[in-house]
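Chains as they are written, first to last, in this note's numbering: chain A, 1 to 353; chain B, 354 to 595.
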């Protein structure tokens with residue numbers, strides 16, 4: 001039965017081969033709305049929680065496997081919309097760590113699809129390069145079977161130089177796991193003497209997340225009508241516009257996306273005000289902390305004699321912290337690249353589960 | 354230019370629609386006021402009974418400006434009557450925290466009025482009917498300063514302890530123990546008041562599985578509308594990953 005499912009999925013994958021790179025043809029009304037919306041403010045980074053595949057399958061009397069394939073096809077469609085609306089970064093919640101609680105049969109279906117689709121994208125790397133699509137994977141991919149981990153690493157490396165557009169696949173991901181990973185990373189940096197405790201701030205925290213290279217999420221869309229974030233990008237989307245759309249993921253279409261973008265634009269002024277005031281708050285807090293740190297360092301150095309709290313001391317402390325943070329972030333990114341190369345270089349284990 | 358003009362018109366319609374939602378809600382609440390101003394906790398709970406059990410921790414997020422205290426305290430008291438033991442009050446700028454004394458006074462006054470002539474003591478009365486604010490009720494004031502900043506401070510503290518050997522590894526469980534804003538319970542339900550749909554800097558760690566319900570306004574809020582909104586939460590299937 002499992003072989004039957006695998007070969008069916010392969011056949012469907014091949015049939016859908018070019019759907020991902022097909023440009024949609026828009027009606028005059030759609031084109032009109034595209035031109036109107038793109039004349040306004042657009043999100044830089046949109047996140048999707050692709051919920052409702054199984055309920056879609058039940059409602060439409062199709063198999064779960066077919067609905068997952070349709071769900072994957074939908075990502076291609078969304079990429080096309082984002083290209084049309086000049087949105088450069090898209091994140092999709094493809095497989096949560098919590099999803100490992102699903103039945104073995106369902107996990108096998110999902111892993112087979114993941115492997116087939118990733119391998120297919122690898123064979124179309126030229127097309128991805130032509131469109132400038134970088135595929136990034138956020139999450140703990142070592143939780144997956146090794147052949148999937150390896151293929152994902154290969155795809156990430158192969159598209160790393162593409163810079164027009166970023167598709168961020170969240171696989172083996174939860175936000176809490178991601179934040180804990182970032183804290184572990186920074187703490188190990190402190191333990192190794194590369195950072196000081198006081199160097200840890202929000203900016204560094206954000207850079208140490210799996211999505212560190214991406215801008216914050218401006219718009220987060222969840223399909224299927226469920227109104228929670230399910231441990232998805234809760235740090236990155238802390239100031240994002242939230243859209244809970246009452247359609248299943250395979251049904252999410254152009255007009256739902258237009259509705260989400262219009263609602264984002266409606267709230268953009270208030271969201272920007274929140275972000276600006278928060279930035280000012282952080283800057284103020286950062287300066288006070290840095291001044292205190294600088295003063296403490298200065299006092300220590302001068303044995304408390306002739307100790308003067310001044311701007312020069314603060315600036316020197318700020319510069320020192322920034323240097324350490326930049327160096328640490330570069331090291332973290334280098335480490336990530338080396339890890340990907342090591343994962344991609346592993347001997348491929350043929351087949352799946 | 355022409356498309357910017359059309360976009361402006363579209364947004365005028367959207368903005369008007371949102372404002373109309375708020376106005377319509379206020380009008381409905383005024384219409385219901387004649388009937389529901391006589392509600393006390395017994396009547397409220399009799400309408401709430403078919404809905405099921407409320408979560409232990411509810412967060413109320415106020416994204417509107419200048420909500421009158423007499424409207425603000427109502428959903429708090431209703432949550433108390435429904436058996437909620439921890440209520441977090443969030444507003445972006447932290448103005449609610451500055452009005453703590455006035456809110457406390459308004460809360461006690463409304464609670465006393467709402468629980469008048471009740472045959473049974475609603476939750477929150479504490480032992481010996483001492484009134485709202487007694488154990489086991491907890492009300493927390495939260496603002497954006499308690500958001501990601503708390504996680505950064507927790508990260509610094511755990512880094513210090515890792516270096517000094519107090520902890521040997523960092524896990525989700527022990528990292529959570531270093532956070533100060535929400536010790537113990539996390540909000541299972543958030544009710545957001547206002548037409549802006551955002552977390553607005555709310556502490557991110559506790560809301561990973563929180564159901565987020567929206568009401569267009571807290572102005573002139575009515576108990577039946579509140580119960581109808583809460584009903585949405587109680588009928589939601591909690592699948593969590595499966």
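Every residue, glycine too, gets a C-beta built ideally from N, C-alpha and C.
Worksheet item: Roughly how many angstroms lie between the CA atoms of residue 121 of chain A and residue 114 of chain A, to the nearest whole one?
Response: In the first chain, counting from the first residue as 1, residue 121 of chain A sits at position 121. In the first chain, counting from the first residue as 1, residue 114 of chain A sits at position 114. Cα to Cα, residue 121 of chain A sits roughly 11 Å from residue 114 of chain A.
Item to complete: Could you check if residue 405 of chain B is buried or exposed, using at least 16 other CB atoms within 10 Å of its CB as the buried criterion?
Response: Locating residue 405 of chain B in the second chain gives position 52, where the first residue counts as 1. Counting Cβ neighbours within 10 Å, residue 405 of chain B comes out exposed, since fewer than 16 surround it.
Discussion item. I need the DSSP call for residue 138 of chain A, collapsed to helix, strand or coil.
Written reply: Here residue 138 of chain A corresponds to residue number 138 of the first chain, with the count starting at 1. In this structure, residue 138 of chain A counts as strand in the three-state DSSP scheme.
Worksheet item: Does the beta carbon of residue 191 of chain A sit closer than 8 Å to a beta carbon anywhere in chain B?
Response: Taking the first chain and counting its residues from 1, the one referred to as residue 191 of chain A is at position 191. Yes, because at least one Cβ of chain B sits closer than 8 Å to the Cβ of residue 191 of chain A.
Worksheet item: Quick one: Cα of residue 423 of chain B to Cα of residue 572 of chain B, how far?
Response: Sequence index remark: in the second chain, residue 423 of chain B carries index 70 (1-based). Sequence index remark: in the second chain, residue 572 of chain B carries index 219 (1-based). Residue 423 of chain B and residue 572 of chain B: Cα-Cα distance of roughly 9 Å.
Worksheet item: Which ranges would you report for the alpha helix (DSSP H) in the stretch 72-150 of chain A if only whole runs of at least 4 residues count?
Response: At a cut-off of 4 residues, the continuous stretches assigned as alpha helix (DSSP H) that sit fully inside the stretch 72-150 of chain A are 104-123 and 125-131.
Fill in: C-alpha gap between residue 202 of chain A and residue 394 of chain B, whole angstroms
Walking along the first chain from the start, residue 202 of chain A turns up at place 202. Walking along the second chain from the start, residue 394 of chain B turns up at place 41. Rounded to the nearest whole angstrom, the CA to CA distance from residue 202 of chain A to residue 394 of chain B is 45 Å.
Worksheet item: In chain B, which residues lie with their C-beta within 8 Å of the C-beta of residue 240 of chain A?
Response: Residue 240 of chain A sits at position 240 when you count from the first residue of the first chain. Chain B residues near residue 240 of chain A: 551 and 552.
Practice prompt. Quick one: list the residues of chain B neighbouring residue 57 of chain A, beta-carbon separation under 7 Å, in chain order.
Written response: Position 57 of the first chain, counting from 1, holds the residue named residue 57 of chain A. Result: empty, since nearest Cβ-Cβ is about 15 Å, beyond 7 Å.
Discussion item. Comparing C-alpha positions only, which one of B/539, B/459 and B/454 sits nearest to residue 558 of chain B?
Written reply: Looking up residue 558 of chain B in the second chain gives position 205. Cα-wise, what sits closest to residue 558 of chain B is B/539.
Item to complete: Spell out a yes or no on whether the stretch 497-506 of chain B and the stretch 151-166 of chain A are touching, meaning 3 or more CB-CB pairs, one atom from each, closer than 8 Å.
Response: no
Worksheet item: Do residue 512 of chain B and residue 179 of chain A come within 8 Å of each other at the CB atom, strictly closer than that value?
Response: Your numbering for residue 179 of chain A matches position 179 in the first chain. Your numbering for residue 512 of chain B matches position 159 in the second chain. No, the Cβ-Cβ distance between residue 179 of chain A and residue 512 of chain B is not below 8 Å.
Practice prompt. Can you say whether residue 116 of chain A is buried or exposed, counting buried as having 16 or more other CB atoms within 10 angstroms of its CB?
Written response: The residue labelled residue 116 of chain A in the question sits at position 116 within the first chain. Counting Cβ neighbours within 10 Å, residue 116 of chain A comes out buried, since at least 16 surround it.
Discussion item. Please list the terminal residues of the continuous alpha helix (DSSP H) segment that includes residue 180 of chain A.
Written reply: Taking the first residue of the first chain as 1, we reach residue 180 of chain A at position 180. It spans 175-191 - the alpha helix (DSSP H) in which residue 180 of chain A sits, taken as one unbroken run.
Worksheet item: Pick from A/198, A/316, A/44 and A/150: whose alpha carbon is nearest that of residue 343 of chain A?
Response: Counting from 1 along the first chain, the entry for residue 343 of chain A is found at position 343. Checked all of A/198, A/316, A/44 and A/150; the closest Cα to residue 343 of chain A is A/150.
Discussion item. Between which two residues does the alpha helix (DSSP H) holding residue 30 of chain A run?
Written reply: Locating residue 30 of chain A in the first chain gives position 30, where the first residue counts as 1. Per DSSP, residue 30 of chain A belongs to the alpha helix (DSSP H) from 28-38.
Practice prompt. Tell me, please, whether the CB atom of residue 331 of chain A is closer than 8 Å to any CB atom in chain B?
Written response: Residue 331 of chain A sits at position 331 when you count from the first residue of the first chain. Cβ-Cβ to chain B under 8 Å: no for residue 331 of chain A.
Practice prompt. Report the neighbours of residue 356 of chain B on chain A: residues whose CB is nearer than 7 Å to its CB, in chain order.
Written response: The count along the second chain starts at 1 and reaches residue 356 of chain B at position 3. Neighbours of residue 356 of chain B on chain A, chain order: 35, 36 and 39.
Worksheet item: Does DSSP put residue 456 of chain B in a helix, a strand or coil?
Response: On the second chain, residue 456 of chain B is found 103 positions in, with the first residue counted as 1. Residue 456 of chain B: helix per DSSP, three-state reduction.
Discussion item. To the nearest angstrom, how far is the alpha carbon of residue 583 of chain B from that of residue 164 of chain A?
Written reply: Start at 1 with the first residue of the second chain, and residue 583 of chain B comes out as number 230. Start at 1 with the first residue of the first chain, and residue 164 of chain A comes out as number 164. Roughly 44 Å between the two C-alpha positions.
Worksheet entry | Rounded distance between the beta-carbons of residue 579 of chain B and residue 431 of chain B, thought under 8 Å | On the second chain, position 78 is the one that residue 431 of chain B refers to. On the second chain, position 226 is the one that residue 579 of chain B refers to. Contact flag correct, Cβ pair sits at about 6 Å.
Worksheet item: Count the other CB atoms within 10 Å of the CB of residue 370 of chain B; is the residue buried (16 or more) or exposed (fewer)?
Response: Numbered from its first residue, the second chain carries residue 370 of chain B at position 17. Under this definition residue 370 of chain B is an exposed residue.
Worksheet item: Between residue 53 of chain A and residue 245 of chain A, what straight-line distance do the alpha-carbon atoms span, to the nearest angstrom?
Response: Counting from 1 along the first chain, the entry for residue 53 of chain A is found at position 53. Counting from 1 along the first chain, the entry for residue 245 of chain A is found at position 245. Using only the alpha carbons, I get a separation of about 14 Å.
Practice prompt. Measure the alpha-carbon distance for residue 248 of chain A versus residue 59 of chain A and round it to whole angstroms.
Written response: As a first step, residue 248 of chain A is located in the first chain; it is residue number 248 there, counting from the start. As a first step, residue 59 of chain A is located in the first chain; it is residue number 59 there, counting from the start. Spanning the two alpha carbons is a distance of roughly 10 Å.
Practice prompt. Name the one or two DSSP bridge partners that residue 413 of chain B has.
Written response: Along the second chain, read from residue 1 onward, the residue named residue 413 of chain B stands at position 60. Answer by DSSP bridge pairing, in chain order: B/442 and B/544.
Worksheet item: residue 624 of chain B and residue 191 of chain A look like a contact to me (Cβ under 8 Å); what is the Cβ gap, rounded to whole Å?
Response: Outside the shown range of chain B (354 to 595) lies residue 624 of chain B, about which nothing can therefore be said.
Fill in: Neighbourhood of residue 75 of chain A by C-beta, 7 Å cutoff - its chain only, sequence neighbours within 5 removed
As a first step, residue 75 of chain A must be located in the first chain, where it is residue number 75. Hits under 7 Å: 92.
Discussion item. Would residue 166 of chain A and residue 196 of chain A qualify as a contact pair, given that the criterion is a beta-carbon distance under 8 Å?
Written reply: Here residue 166 of chain A refers to the residue found at position 166 when the first chain is read from its first residue. Here residue 196 of chain A refers to the residue found at position 196 when the first chain is read from its first residue. The answer is no: Cβ separation not under 8 Å.
Practice prompt. Under the assumption that residue 221 of chain A contacts residue 48 of chain A (Cβ atoms under 8 Å), give the Cβ distance between them as a whole number of angstroms.
Written response: Taking the first residue of the first chain as 1, we reach residue 221 of chain A at position 221. Taking the first residue of the first chain as 1, we reach residue 48 of chain A at position 48. The Cβ separation is near 5 Å, so the contact holds.
Item to complete: Go ahead and pull the three-state DSSP assignment for residue 382 of chain B.
Response: The count along the second chain starts at 1 and reaches residue 382 of chain B at position 29. If DSSP states are grouped into helix, strand and coil, residue 382 of chain B belongs with the helices.
Worksheet item: Between the stretch 221-235 of chain A and the stretch 525-535 of chain B, do three or more beta carbon pairs fall short of 8 Å?
Response: Touching, no.
Worksheet item: In chain B, which residues lie with their C-beta within 8 Å of the C-beta of residue 266 of chain A?
Response: Mapped onto the first chain, residue 266 of chain A falls at position 266. Near residue 266 of chain A (Cβ distances below 8 Å), the residues of chain B are 364, 367, 368 and 371.
Discussion item. By the three-class DSSP mapping on this structure, what secondary structure does residue 241 of chain A have?
Written reply: In the first chain, residue 241 of chain A corresponds to position 241, counting from 1. Strand at residue 241 of chain A.
Fill in: Residues in the stretch 163-181 of chain A having any Cβ partner in chain B nearer than 8 Å
For the stretch 163-181 of chain A, which is checked against every Cβ of chain B, the residues closer than 8 Å are 174, 175, 176, 177, 179 and 180.
Fill in: Neighbourhood of residue 328 of chain A by C-beta distance below 6 Å, restricted to the same chain and skipping five residues each side
To locate residue 328 of chain A, count along the first chain from 1; it is residue 328. Sequence-distant Cβ neighbours of residue 328 of chain A in its own chain, meaning closer than 6 Å and more than five residues away, are 189, 194 and 195.
Worksheet item: Hey, how far is the Cα of residue 24 of chain A from the Cα of residue 80 of chain A?
Response: Counting from 1 along the first chain, the entry for residue 24 of chain A is found at position 24. Counting from 1 along the first chain, the entry for residue 80 of chain A is found at position 80. Using only the alpha carbons, I get a separation of about 7 Å.
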